[in-house]
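Numbered per this note's numbering, the sequence shown spans residues 172 to 690.
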Amino acid sequence: MGLYMKLLSQLFIFFIITACSDQSNQISNVNSLDSHILSHDKLKDKIKGAWAGQTIGVTYGYPVEFKYESIMIPDEVILPWYDEYILEIFTDSPGAYDDIYMDLTFVQVLEDYGLDAPAIEFANAFATADYKLWFANQVSRYNILNGIEPPQSGHWLNNPAADDIDFQIEADFAGIMTPGMINSATHISDRVGHIMNYGDGYYGGVFIAAMYSQAYISDDIEFIIKQSLKLIPTESHFHEIITDIIEVHNQSPNDWKIAWNFIHDKWVDTDLGPWGVFDTFNIDAKINAAWVVLGLLYGDGDFGKTIEIATRAGDDADCNPASAGGILGTIIGYEAIPDYWKNGLTNIEELKFPYTSISLNDAYQLSYEHALAMIIRNDGIVEDNQITIKAQDPVTVPYEKSFEGHYAKQKININSNTINEPGHSFTFNFDGIGFALMGKALSDNDVNHIYQAEMYINDSLVETAKLPTDFTTRRFYLFWKYQLPKDIHKVTIKIKNPVDDAYISLESIVVYDDKPTTS
Numbered sequence: 172m173g174l175y176m177k178l179l180s181q182l183f184i185f186f187i188i189t190a191c192s193d194q195s196n197q198i199s200n201v202n203s204l205d206s207h208i209l210s211h212d213k214l215k216d217k218i219k220g221a222w223a224g225q226t227i228g229v230t231y232g233y234p235v236e237f238k239y240e241s242i243m244i245p246d247e248v249i250l251p252w253y254d255e256y257i258l259e260i261f262t263d264s265p266g267a268y269d270d271i272y273m274d275l276t277f278v279q280v281l282e283d284y285g286l287d288a289p290a291i292e293f294a295n296a297f298a299t300a301d302y303k304l305w306f307a308n309q310v311s312r313y314n315i316l317n318g319i320e321p322p323q324s325g326h327w328l329n330n331p332a333a334d335d336i337d338f339q340i341e342a343d344f345a346g347i348m349t350p351g352m353i354n355s356a357t358h359i360s361d362r363v364g365h366i367m368n369y370g371d372g373y374y375g376g377v378f379i380a381a382m383y384s385q386a387y388i389s390d391d392i393e394f395i396i397k398q399s400l401k402l403i404p405t406e407s408h409f410h411e412i413i414t415d416i417i418e419v420h421n422q423s424p425n426d427w428k429i430a431w432n433f434i435h436d437k438w439v440d441t442d443l444g445p446w447g448v449f450d451t452f453n454i455d456a457k458i459n460a461a462w463v464v465l466g467l468l469y470g471d472g473d474f475g476k477t478i479e480i481a482t483r484a485g486d487d488a489d490c491n492p493a494s495a496g497g498i499l500g501t502i503i504g505y506e507a508i509p510d511y512w513k514n515g516l517t518n519i520e521e522l523k524f525p526y527t528s529i530s531l532n533d534a535y536q537l538s539y540e541h542a543l544a545m546i547i548r549n550d551g552i553v554e555d556n557q558i559t560i561k562a563q564d565p566v567t568v569p570y571e572k573s574f575e576g577h578y579a580k581q582k583i584n585i586n587s588n589t590i591n592e593p594g595h596s597f598t599f600n601f602d603g604i605g606f607a608l609m610g611k612a613l614s615d616n617d618v619n620h621i622y623q624a625e626m627y628i629n630d631s632l633v634e635t636a637k638l639p640t641d642f643t644t645r646r647f648y649l650f651w652k653y654q655l656p657k658d659i660h661k662v663t664i665k666i667k668n669p670v671d672d673a674y675i676s677l678e679s680i681v682v683y684d685d686k687p688t689t690s
């Protein structure tokens with residue numbers, strides 16, 4: 172029995188409970204704007220457009236994902252597309268669909284545990300899944316497997332990748348299932364997004380989910396963006412960068428490259444995640460969200476133009492067209508996506524996405540059922556011939572900031588160092604208030620070993636950590652520590668249980684200070 176049917180069977184009880192409950196216990200803060208009426212067919216069409224647009228977008232951009240870092244993809248670079256292309260990528264490169272199978276992991280949790288599934292169920296589902304993860308997702312997976320539960324698993328003090336794009340690319344489901352109910356989308360985003368992100372990284376998912384939600388009740392792209400941006404605190408960098416791109420578009424609406432250059436020049440060096448510091452690599456949520464908005468604004472409602480601009484903006488060049496394509500697909504609906512783009516979908520709509528038991532056709536139906544359940548729960552009306560959605564006035568989420576008071580000072584490459592011998596340790600000194608040590612626990616001959624490692628700061632034991640050589644359960648960053656007193660600090664890493672055929676590879680150190688570095 173799907174969630175919608177379960178909800179109907181319990182509706183009488185639900186209304187009694189909610190009538191007696193305090194408003195603070197409701198699933199969302201509902202402030203009525205007005206009611207929007209859709210047919211069942213129109214709702215289904217928009218849901219199909221959302222999932223189809225996302226699938227097309229991620230497939231289109233996959234060949235150039237992070238191949239153009241902090242630069243635009245030149246016009247002369249051909250981005251291929253033909254009817255069999257989706258099936259080829261789906262079959263030969265299943266990892267291309269990480270955006271979607273992460274989404275579907277959370278859809279399955281809702282199906283298994285209901286609309287009120289707690290954060291820990293979402294966390295356990297993806298932490299114990301077989302798929303590979305990176306950045307904030309992988310740090311969070313490690314945290315969860317080692318006893319740090321959400322929301323602490325995503326907090327920047329426990330997760331140096333907290334500002335990265337992770338939740339932003341897997342928040343689609345939250346907006347798809349909450350048509351017009353922007354605060355309901357945020358309620359879901361809060362439970363899921365803080366598993367792996369914080370601050371601007373969390374805001375990225377809130378913003379994307381909100382745009383999906385608004386796309387059901389408006390076809391005005393700038394309105395959708397601005398309405399969704401109301402959820403984001405004005406003092407945040409995320410709010411500022413999206414405001415910047417809206418303003419540049421208003422001034423120069425015909426040339427997306429002008430907007431790209433403005434955003435690049437102002438924001439390219441603001442990524443404080445250890446991998447992105449002093450590097451062209453940029454997986455920061457806010458600048459990639461800007462590329463999504465770039466595609467939506469300059470795409471002018473044209474599906475192909477929208478995903479091409481979002482792709483040619485570079486950086487995470489498959490996730491960004493996936494988000495832009497999914498949002499526009501929701502606005503226009505499945506039937507309005509040009510055949511050129513969707514013809515190949517029929518080849519995969521019955522196939523299960525990697526690591527899931529859900530196909531595109533399944534996703535269409537599950538999100539339809541979840542949407543109906545959410546509409547009823549939030550004062551909407553579902554009748555045989557029409558659906559009435561009670562729209563919600565956006566309520567700004569609380570302000571939070573990763574790396575508060577921290578500024579990147581230097582990046583030190585140490586690629587030649589390894590630790591493995593008994594009693595072997597690695598020591599370095601730095602002048603600042605924080606650091607992140609990057610590296611890997613590796614093995615030869617598929618040796619599966621879990622190192623026990625100790626971190627000392629100024630000769631005091633600060634942390635003992637497990638460093639698995641297994642890729643799926645690995646510790647993405649070896650060690651880090653923030654909010655130290657401004658001083659010269661000595662850091663020592665000691666390995667307690669070395670073995671043959673395995674070793675710790677040390678790559679680089681990022682140092683943070685309490686004030687910006689002057690050039």
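Every residue, glycine too, gets a C-beta built ideally from N, C-alpha and C. Computed from a predicted model, the values in this text were never measured in an experiment.
Cutting at 7 angstroms between CB atoms, please list the residues of its own chain near residue i, excluding the five before and the five after it.
i           : result
residue 523 : 529, 530
residue 512 : 227, 474, 475
residue 599 : 662, 680
residue 577 : 443, 604, 605, 653, 683
Rounded to whole angstroms, what is the Cα-Cα separation between residue i and residue j?
i           : j           : result
residue 288 : residue 236 : 33 angstroms
residue 485 : residue 304 : 21 angstroms
residue 421 : residue 205 : 28 angstroms
residue 274 : residue 429 : 33 angstroms
residue 638 : residue 623 : 6 angstroms
residue 572 : residue 254 : 44 angstroms
residue 687 : residue 585 : 24 angstroms
residue 208 : residue 451 : 47 angstroms
residue 391 : residue 493 : 19 angstroms
residue 395 : residue 321 : 30 angstroms
residue 211 : residue 556 : 7 angstroms
residue 677 : residue 294 : 29 angstroms
residue 256 : residue 340 : 22 angstroms
residue 516 : residue 615 : 41 angstroms
residue 423 : residue 318 : 50 angstroms
residue 561 : residue 546 : 8 angstroms
residue 684 : residue 651 : 14 angstroms
residue 301 : residue 268 : 14 angstroms
residue 223 : residue 360 : 21 angstroms
residue 660 : residue 477 : 49 angstroms
residue 627 : residue 327 : 20 angstroms
Using DSSP's beta-bridge definition, name the partner residues of residue i.
i           : result
residue 207 : 560
residue 625 : 635, 665
residue 674 : 613
residue 596 : 665
residue 579 : 683
residue 553 : 558
residue 660 : 601
residue 607 : 651, 681
residue 691 : For residue 691 there is no data in the structure shown, the boundaries of the chain being 172 and 690.
Which residue's Cα is closest to the Cα of residue i: the options?
i           : options            : result
residue 669 : 590, 276, 525      : 590
residue 382 : 370, 680, 355      : 355
residue 251 : 241, 233, 567      : 233
residue 323 : 342, 366, 339, 416 : 366
residue 292 : 312, 675, 384, 556 : 312
residue 217 : 506, 642, 560, 612 : 506
residue 457 : 440, 675, 472      : 440
residue 641 : 576, 402, 613, 403 : 613
residue 464 : 411, 271, 605, 279 : 411
Shorter than 8 angstroms from the beta carbon of residue i to some beta carbon of chain B?
i           : result
residue 327 : Included in the structure is just one protein chain, with no chain B present.
Let's see if you can read the secondary structure: which residues bound the alpha helix (DSSP H) around residue i?
i           : result
residue 435 : 427-438
residue 457 : 456-469
residue 513 : 510-513
Following the continuous beta strand (DSSP E) through residue i, name the residue where it begins and the one where it ends.
i           : result
residue 587 : Neither: residue 587 is in no beta strand (DSSP E) and is coded neither H nor E.
residue 265 : Note, residue 265: premise wrong, no beta strand (DSSP E); not H, not E.
Give me, in chain order, the residues of the same chain whose beta-carbon lies closer than 6 angstroms to that of residue i; leave out the 5 immediate sequence neighbours on both sides.
i           : result
residue 433 : 419
residue 489 : 229, 232, 233, 236
residue 199 : Low confidence applies to residue 199: its pLDDT is 34, below 50, so where it sits in the model is not reliable, and the reading given next is rough at best. For residue 199, where only same-chain residues beyond five positions count, the Cβ hits under 6 angstroms are 354, 355, 358.
residue 194 : Confidence at residue 194 is low in this model, with a pLDDT of 33, below 50, so its placement is unreliable and the value that follows should be read with caution. Cβ within range, chain order: n/a, list empty.
residue 647 : 309, 310
residue 504 : 216, 217, 220
residue 497 : 221, 224, 225, 343
residue 350 : 387, 542, 560
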